[in-house]
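Residue numbers (the UniProt record's numbering): 1 to 616.
Virtual Cβ for every residue (Gly too), placed ideally from N, Cα, C.
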């Protein structure tokens, strides 16, 4: 079945060549034909006209040829031949830029594993790869990861990956995928000349890595910008803006067929069988393998939409003539992200009918949406691939059901499906950050000196205020001006005991104009999302947030940290009265719900630590 795949590729390359030549020379061919037409014998006239017509009818879709870059063998200076004819170039000799990152062979690599996974680029601080992009469009971005059973360090790595303002992976780890390669597949619209992929170790891990990277242009119009939107309630409206989001592949299913590896796919994709996703395996059966090549139509599906084997196999209803009732659905169930949007592409090719207009059926997504599938309205002939695209919103269950079923108005009451793809939509994030390169050494020097000077200034002021507060005695029997006295100062092992009182009164010398609501802060940090943590200090964790249209840093006190109420009060009093260009400004504070939260302006050019350790 698959041996004919390479023969077909050779034929397609030949047709591409003939087609290109014929289109370039078309005006000359037509002129020459008209001038000499009356000199050609009648029989030869007919033959020549037929040849010319065939040249002009070659499909435009065949003009796409998969690029030969970028395929990167990370952490190596040698090239590796990948499946499907790809040549993975060692990044040390690839011409691709990368920042920081330790080049390291994989320790105790399994000799039986692919040579592509014998090396990796390992990061202990934020870093990136940079690719020069010559043509705007939709690109495949694939990241390869592999951890051997003997490598305990990489097994514990946890990190984030971002590109073009999107979080591709968050707190990603391979601890549950030991000794098995993991390939993360994305479709990204790139409209910049230099495209960067950032690798950022997660807090507490300090380790990130990657074994191989693929970045190459997809066929034109491979993904539409608009598709029908389907919700769990069944509503169907138009969804616009797919090109402004990243598509992360969750499932590629070869329905009714076998596993397809990159060697069997025109765009080096992986497809898996559908059997494990069927709710009732007895409801469906594999169709007979179609022996001929699918009949592609111009403007429709191509062998890049899905490879030939996907369209030459199918699942159909398992009709039992001995049963009185054969009116049922075939359902596939998939675990997806809860309350998220997904791009769903369903592939069809009627390889089971013996004549036209005999099978019409329904496609169901969840239980409240259905679409009529009439292959002959779409293609007009048998064994012709076509597909439908949807954007599907998942519900709180995190389960997406896709079904096919018969219609009463169909001459042959059955249904079929050839392939299925599900990709999660990743929206652009306002909170993606990466190491920033200073404009010059001079700028970096001023930043360091200014930061050190400003920091020293604050330390001195805080020390003076603390000494003043300590020397200020309260009279016996008189309560402190801060109403949370007593439990706040008790060095108890229980953090919650600090918040036994419920008053939110503040001392008279605090700036009440800076008080912020807890609800606003919670919204600005997406309910204190752990993915937005950018640091941790003596006071607690620091989150990046978007507050009233401005990027902010949010410090939230947590159990087990040494600083408490006195430091919280002091910091508000001091910073609310100080403004300096080398000091971050205090935006506000919150003491609602027994919280101690400080909100600062966000340091766009990075921290003092960034300039000391990450600048070049």
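Residue i vs residue j beta-carbon contact at 7 Å
| i | j | result |
| --- | --- | --- |
| residue 552 | residue 594 | no |
| residue 317 | residue 163 | no |
| residue 597 | residue 548 | no |
| residue 356 | residue 309 | no |
| residue 401 | residue 366 | yes |
| residue 417 | residue 338 | no |
| residue 399 | residue 246 | no |
| residue 636 | residue 424 | What the structure shows of the chain is the stretch from 1 to 616, and residue 636 is not part of that stretch, so it cannot be assessed. |
| residue 141 | residue 192 | no |
| residue 217 | residue 385 | no |
| residue 215 | residue 159 | no |
| residue 167 | residue 524 | no |
| residue 389 | residue 126 | no |
| residue 419 | residue 268 | no |
| residue 422 | residue 566 | no |
| residue 248 | residue 186 | yes |
| residue 238 | residue 226 | yes |
| residue 76 | residue 113 | no |
| residue 219 | residue 64 | yes |
| residue 121 | residue 182 | no |
| residue 190 | residue 139 | yes |
| residue 171 | residue 202 | yes |
Close Cβ partners of residue i (< 7 Å) along its chain, the five nearest in sequence each way excluded
| i | result |
| --- | --- |
| residue 46 | Since pLDDT at residue 46 reaches only 48, below the 50 mark, its modelled position is unreliable, and the value read off the structure follows with that caveat. Correct list: empty, nothing qualifies. |
| residue 382 | 350, 353 and 356 |
| residue 233 | 368 |
| residue 579 | 585 |
| residue 319 | 326 and 414 |
| residue 69 | 216 |
| residue 478 | Only weak support is given to the placement of residue 478: the predicted model assigns it a pLDDT of 39, under 50, and the value that follows is read from those uncertain coordinates. Taken in chain order, the list of residues that qualify is empty. |
Assumed close pair residue i, residue j - CB separation to whole angstroms, cut-off 8 Å
| i | j | result |
| --- | --- | --- |
| residue 404 | residue 361 | 6 Å |
| residue 307 | residue 264 | 6 Å |
| residue 266 | residue 303 | 5 Å |
| residue 379 | residue 299 | Not confirmed; about 11 Å, so no contact. |
| residue 254 | residue 272 | 7 Å |
| residue 554 | residue 545 | 5 Å |
| residue 522 | residue 540 | No, residue 522 and residue 540 are not in contact; Cβ-Cβ is about 15 Å, not under 8 Å. |
| residue 270 | residue 262 | 7 Å |
| residue 346 | residue 363 | 6 Å |
| residue 283 | residue 348 | In fact, because the Cβ distance is near 18 Å, the residues do not count as touching under 8 Å. |
| residue 543 | residue 592 | About 17 Å separates the two Cβ atoms, so there is no contact after all. |
Three-state secondary structure (DSSP) of residue i
| i | result |
| --- | --- |
| residue 260 | strand |
| residue 296 | coil |
| residue 326 | coil |
| residue 438 | Bear in mind that the predicted position of residue 438 carries a pLDDT of just 39, short of 50, making it unreliable; the figure below should be weighed with that in mind. DSSP places residue 438 in coil when its eight states are reduced to three. |
| residue 75 | coil |
| residue 317 | strand |
| residue 203 | coil |
| residue 289 | coil |
| residue 85 | helix |
| residue 602 | coil |
| residue 273 | strand |
| residue 254 | strand |
| residue 153 | helix |
| residue 280 | coil |
| residue 134 | coil |
| residue 228 | strand |
Own chain, CB closer than 6 Å to residue i, minus 5 neighbours either side, in chain order
| i | result |
| --- | --- |
| residue 520 | none |
| residue 568 | 596 |
| residue 625 | Lying before the first or after the last residue shown, residue 625 is absent from the chain, which here runs from 1 to 616. |
| residue 147 | 154, 155, 174 and 178 |
| residue 395 | 232 |
| residue 97 | 130 |
| residue 604 | none |
Own chain, CB closer than 8 Å to residue i, minus 5 neighbours either side, in chain order
| i | result |
| --- | --- |
| residue 359 | 350, 352, 353, 375, 410, 411, 412, 414, 415 and 416 |
| residue 88 | 71, 72, 73, 79, 80, 81, 82, 116 and 212 |
| residue 236 | 228, 229, 230 and 369 |
| residue 31 | With a pLDDT of 43 at residue 31, under the threshold of 50, the predicted position of this residue should be treated as unreliable, though the coordinate-derived value follows. There are no such residues. |
| residue 627 | Limits of the chain in this structure are 1 at one end and 616 at the other, which puts residue 627 out of reach. |
Test: residue i CB closer than 7 Å to a CB of chain B
| i | result |
| --- | --- |
| residue 515 | Among the protein chains of the structure shown there is no chain B, as only one such chain exists. |
Contact test: residue i Cβ vs the ligand GTP heavy atom, cutoff 6 Å
| i | result |
| --- | --- |
| residue 246 | For the ligand GTP, the structure offers nothing, since it holds no ligand at all. |
### Entirely enclosed alpha helix (DSSP H) segments - the stretch 517-600, minimum 4 residues
518-524 and 565-575
### Message
I'd like the ranges of any beta strand (DSSP E) spanning at least 3 consecutive residues and lying wholly in the stretch 160-195.
### Response
166-172 and 182-190
### Residue ranges of each beta strand (DSSP E) within the stretch 351-437, 3 or longer
With a minimum length of 3 residues, the continuous beta strand (DSSP E) runs that stay inside the stretch 351-437 are 361-365, 369-373, 386-393, 399-406 and 419-426.
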